[in-house]
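S.K.:
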Amino acid sequence: MAFSFFRSFPISSFPVHSKSKRFSYDGSSFHRLIISFASQCEATNKISIEDDIVIRRSANYDPSIWDYDYIQSLRNDFVQDESYKERASKLKEEVRMMLENEVDPLEKLELIDTIQRLGLSYDFGDEIKKTLKNISIDRSTTVARDKDNLYATALEFRLLRQHGYKVNQDVFACFMDDVGNIKASLNQDYKGLLNLYEASYHLLEGETMLENARELAAKLLKQCLKENNDNQYLWMLVEHALELPLHWRIPRFEAGWFIDVYQKNKEKNPILLELAILDYNIVQSMHQDDLRYVVEGTWS
Numbered sequence: 001m002a003f004s005f006f007r008s009f010p011i012s013s014f015p016v017h018s019k020s021k022r023f024s025y026d027g028s029s030f031h032r033l034i035i036s037f038a039s040q041c042e043a044t045n046k047i048s049i050e051d052d053i054v055i056r057r058s059a060n061y062d063p064s065i066w067d068y069d070y071i072q073s074l075r076n077d078f079v080q081d082e083s084y085k086e087r088a089s090k091l092k093e094e095v096r097m098m099l100e101n102e103v104d105p106l107e108k109l110e111l112i113d114t115i116q117r118l119g120l121s122y123d124f125g126d127e128i129k130k131t132l133k134n135i136s137i138d139r140s141t142t143v144a145r146d147k148d149n150l151y152a153t154a155l156e157f158r159l160l161r162q163h164g165y166k167v168n169q170d171v172f173a174c175f176m177d178d179v180g181n182i183k184a185s186l187n188q189d190y191k192g193l194l195n196l197y198e199a200s201y202h203l204l205e206g207e208t209m210l211e212n213a214r215e216l217a218a219k220l221l222k223q224c225l226k227e228n229n230d231n232q233y234l235w236m237l238v239e240h241a242l243e244l245p246l247h248w249r250i251p252r253f254e255a256g257w258f259i260d261v262y263q264k265n266k267e268k269n270p271i272l273l274e275l276a277i278l279d280y281n282i283v284q285s286m287h288q289d290d291l292r293y294v295v296e297g298t299w300s
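The sequence shown begins at 1 in UniProt numbering and counts up by one.
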């Protein structure tokens, strides 16, 4: 079954103007109430009303697209057709099996990270919590034991910190040289540097090593953008992160962007991608239905 990425109004580009109730004034003027206080010997205050013409600056905003006819024209096939929901349920069970059966610690972390960025984590909260709890309890058997893998260490650090687990910043000490710079051997490890940069935004007060690592990683990642990198997927992730780190972004908006980008990943998981597209369309159709209901109630 082919699923189109239905986006009547992309979540990443909502119009800033919404349909709002307008209050009409009497003519082109408004009444300004001026209260003047009388002296202490006066028993009452004097109240006078003046009419002034108000000249307001125009921002030349475009007219709102949120009119009645447009909202009623929005389709909600993904809500009305039960086959979409049935397919989504089947895909969710397959993803749960992936999380349950994956034994490689790094691949399991990558799976969790992808699920979160695709906007699917709310469906797999228990599985994600269980996996990260096990990792936090015995980190000697996880990717943290690999002292040469910056990417794996940074990814694990970011996910654990994101979910409230304690991880010491010293896990990155082995990637620094004697003067506190990132080792020269890692200058071209853009995948690792990107995850180090993202992980640094989960620092705690006083963690100067992470503050320094963020600045150094950002400089090296900017160099990545200047080069003709064959990995378009990684290039787009780097550009996106330098614009605004993942930790500061709104998850649902981020999901809309990441679904588009993830399709360019040569190593993408087709099951995750199909579920993400389907889930995004179903949720969006539900919001459109709610909007249509509100507008109908307003106009009736």
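Glycine included, each C-beta is placed from N, C-alpha and C at the ideal position.
Note that this is a predicted model, so its numbers are computed, not measured.
Compare the Cα-Cα distances from ASN269 to each of TYR68, GLU107, SER64 and ALA173 and report the closest residue.
M.R.: Answer by Cα proximity: GLU107.
S.K.: Alpha carbon to alpha carbon, how far is GLY297 from ARG75?
M.R.: Computed Cα separation, rounded: 18 Å.
S.K.: Bridge partners for MET236 per DSSP, in chain order?
M.R.: MET236 pairs with nothing; no bridge assigned.
S.K.: Between the C-alpha atoms of ARG96 and ALA217, what's the straight-line distance to the nearest angstrom?
M.R.: Those two C-alpha atoms are separated by around 34 Å.
S.K.: Among residues of its own chain, excluding the 5 on either side of ASN212, which ones have a beta-carbon nearer than 8 Å to its beta-carbon?
M.R.: Within the same chain, ASN212 has close Cβ partners GLY180.
S.K.: Give me, in chain order, the residues of the same chain whose beta-carbon lies closer than 6 Å to that of TYR233; leave out the 5 immediate sequence neighbours on both sides.
M.R.: If we look at TYR233 and ignore the five residues flanking it on each side, its Cβ neighbours are LYS264 and ASN265.
S.K.: Distance check for ASN281 and GLN72, CA to CA, integer angstroms please.
M.R.: When rounded, the distance between both Cα atoms is 17 Å.
S.K.: Going by beta-carbon coordinates alone, are LEU186 and LEU242 separated by less than 7 Å?
M.R.: Against a cut-off of 7 Å, the Cβ pair of LEU242 and LEU186 comes out as no contact.
S.K.: Which one or two residues does DSSP pair with MET286 in a beta bridge?
M.R.: DSSP output for MET286 lists no bridge partner at all.
S.K.: What does DSSP give as the partner residue(s) for MET98 in the beta ladder?
M.R.: Answer by DSSP bridge pairing: none, since MET98 is not bridged.
S.K.: Three or more beta-carbon pairs under 8 Å between the stretch 217-226 and the stretch 188-208, yes or no?
M.R.: Yes, the stretch 217-226 is in contact with the stretch 188-208.
S.K.: As an exercise, report each continuous alpha helix (DSSP H) stretch of at least 4 residues that is fully enclosed by the stretch 99-171, in chain order.
M.R.: For the stretch 99-171, whole alpha helix (DSSP H) runs of length 4 or above, ordered along the chain, are 105-117, 125-137 and 150-162.
S.K.: Got a sec: does the ligand NAD put a non-hydrogen atom nearer than 6 Å to the Cβ of LEU194?
M.R.: Within the structure as shown, the ligand NAD is missing, as the structure has no ligands at all.
S.K.: Out of THR114, MET176 and ALA184, which one is the CA nearest neighbour of LEU159?
M.R.: Looking at the Cα atoms, THR114 is the closest of the given residues.
S.K.: Could you give the residue range of the alpha helix (DSSP H) that holds SER200?
M.R.: Unbroken run through SER200: none, as it is neither H nor E.
S.K.: For LEU132 and LEU272, which I take to be in contact (beta-carbon distance under 8 Å), what is that distance rounded to the nearest angstrom?
M.R.: Wrong, their Cβ atoms sit about 18 Å apart, outside the cutoff.
S.K.: So what does DSSP say about ILE71, is it helix, strand or coil?
M.R.: The answer is helix: DSSP assigns ILE71 an H, G or I state.
S.K.: Less than 7 Å separating the beta-carbons of GLU207 and GLN162?
M.R.: No, the Cβ-Cβ distance between GLU207 and GLN162 is not below 7 Å.
S.K.: Taking 7 Å as the threshold (beta carbon to beta carbon), is ILE277 in contact with chain C?
M.R.: Of the protein chains in the structure, only one exists, and it is not chain C.
S.K.: Drop a sphere of 10 angstroms on the beta-carbon of CYS224, count the other beta-carbons inside from all chains shown, and report buried for 16 or more, exposed for fewer.
M.R.: Per the 10 Å Cβ criterion, buried.
S.K.: Determine, using beta carbons only, whether HIS247 and TYR201 come nearer to each other than 7 Å.
M.R.: Yes.
S.K.: Compute the Euclidean distance between the alpha carbons of ALA152 and CYS174, then round it to the nearest angstrom.
M.R.: Distance between the alpha carbons of ALA152 and CYS174 is about 13 Å.
S.K.: Roughly how many angstroms lie between the CA atoms of GLY164 and GLU86, to the nearest whole one?
M.R.: Using only the alpha carbons, I get a separation of about 34 Å.
S.K.: Please go through the same chain and pick out, in chain order, the residues whose beta-carbon is closer than 8 Å to the beta-carbon of ASP189, but skip the five residues on each side of it.
M.R.: So the qualifying residues of the chain are LEU150 and TYR151.
S.K.: The alpha helix (DSSP H) that contains CYS224, what's its start and end?
M.R.: It spans 208-226 - the alpha helix (DSSP H) in which CYS224 sits, taken as one unbroken run.
S.K.: Consult DSSP for ILE182 and reduce its assignment to one of helix, strand or coil.
M.R.: DSSP places ILE182 in strand when its eight states are reduced to three.
S.K.: Residues in its own chain within less than 6 Å of residue 320 by CB, not counting five upstream and five downstream?
M.R.: A question about residue 320 goes unanswered here, because the residues of the chain that appear run from 1 up to 300.
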